[in-house]
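The structure appears right after this line, and notes come after that.
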Amino acid sequence: MVDLLNRLDTVSREMGLYINQAKTKIMIVDRSRELQDVHLLSQYDIVEDFVYLGSSISNKGGTEGEIRRRIGMAKSAMTQLEKVWKDRNVLNKTKIYIVRTLVFPIFLYGAESWTIKMADRRRIDAFEMWCWRRLLRIPWTAHRTNISILKELKITQRLSSICLKKVLTYFGHIVRKPSDNLEKLMITGKMEGKRLRGRSPIRWSDLVTKALNTTITDALNHAKDRDRWKQLCGGISDGREHHDAQH
């Protein structure tokens, strides 16, 4: 690692570029914990996660932290619009439109790259219901089921389903790229060696196969047909995939 940074610094200086140590962060991905001499990098800030291009990247490889972070940002935006939710002259239909255009996009930024576990999905659904209860000014002491609130607001498209649709849409976009495309090679290619013992972490492509209840090979074949794939993604967005509603 030290040699790599020194080489990068040398080549950069030849082009008139200099590494700013104050702004440089190093994230080490080493599940086997075999990396030695980390102390030699003490002049740099060694982190377990950092924000790059608006998204949080973790050395654990998951997106749970990013989902939590996005929920926090979206909740902050929802709170800033408190005057709108209190205004009785604004129709609920208009308030729903505001949530979908000013709040949800903050949360959904980069969602197509998320690896969403079932626990994450429940967390997303809980955040969505928090927004709808806030919109309706329902106190936390009120005994209202999620189903009754969704029916009152005529919500048929759940936020977690929108996240999954973005994943599927992006998957189809990648599959239809040229065969030598790096993103496509990462999905279709196979790595040497074996996966570590224990429960294997969920992969991004696992979301696709699980949502469609198919194999990765069949998913790749389906995605080549743009119209067919769009139809499948529409079914996910409409909530017709297998997902238990929260009461």
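Per this note's numbering, the sequence shown starts with residue 1369, numbered consecutively. Where a beta carbon is used, it is the ideal one built from N, C-alpha and C, also for glycine. Here the structure is a predicted model, which means the values were calculated and not measured.
Close Cβ partners of residue i (< 8 angstroms) along its chain, the five nearest in sequence each way excluded
{"i": "residue 1544", "result": "1591, 1592 and 1594"}
{"i": "residue 1583", "result": "1577"}
{"i": "residue 1416", "result": "1395, 1426, 1427 and 1428"}
Residues near residue i by beta carbon distance below 7 angstroms, same chain, minus five either side
{"i": "residue 1597", "result": "1540, 1590 and 1591"}
{"i": "residue 1422", "result": "1477 and 1478"}
Residue i - containing alpha helix (DSSP H), residue span
{"i": "residue 1493", "result": "1486-1504"}
{"i": "residue 1479", "result": "Segment: none, residue 1479 is in no alpha helix (DSSP H) and carries neither H nor E."}
{"i": "residue 1590", "result": "1584-1591"}
For residue j and residue i, the rounded distance between their alpha carbons
{"i": "residue 1533", "j": "residue 1388", "result": "40 angstroms"}
{"i": "residue 1491", "j": "residue 1437", "result": "12 angstroms"}
{"i": "residue 1571", "j": "residue 1458", "result": "43 angstroms"}
{"i": "residue 1569", "j": "residue 1575", "result": "12 angstroms"}
{"i": "residue 1524", "j": "residue 1547", "result": "37 angstroms"}
{"i": "residue 1448", "j": "residue 1552", "result": "41 angstroms"}
Residue i, buried or exposed, once every other Cβ within 10 Å from all chains shown has been counted against 16
{"i": "residue 1467", "result": "buried"}
{"i": "residue 1613", "result": "Bear in mind that a pLDDT of 38 at residue 1613, under 50, signals an unreliable position, so the model cannot answer this."}
{"i": "residue 1451", "result": "exposed"}
{"i": "residue 1615", "result": "For residue 1615, the predicted model reports a pLDDT of 43, less than 50, meaning its position is unreliable and no value from the coordinates is stated."}
{"i": "residue 1554", "result": "exposed"}
Reduced DSSP secondary structure (H/G/I, E/B, other) of residue i
{"i": "residue 1441", "result": "helix"}
{"i": "residue 1375", "result": "helix"}
{"i": "residue 1424", "result": "strand"}
{"i": "residue 1452", "result": "helix"}
Neighbourhood of residue i by C-beta distance below 6 angstroms, restricted to the same chain and skipping five residues each side
{"i": "residue 1383", "result": "none"}
Bounding residues of the beta strand (DSSP E) (the contiguous stretch that carries residue i)
{"i": "residue 1413", "result": "1413-1415"}
{"i": "residue 1393", "result": "1393-1395"}
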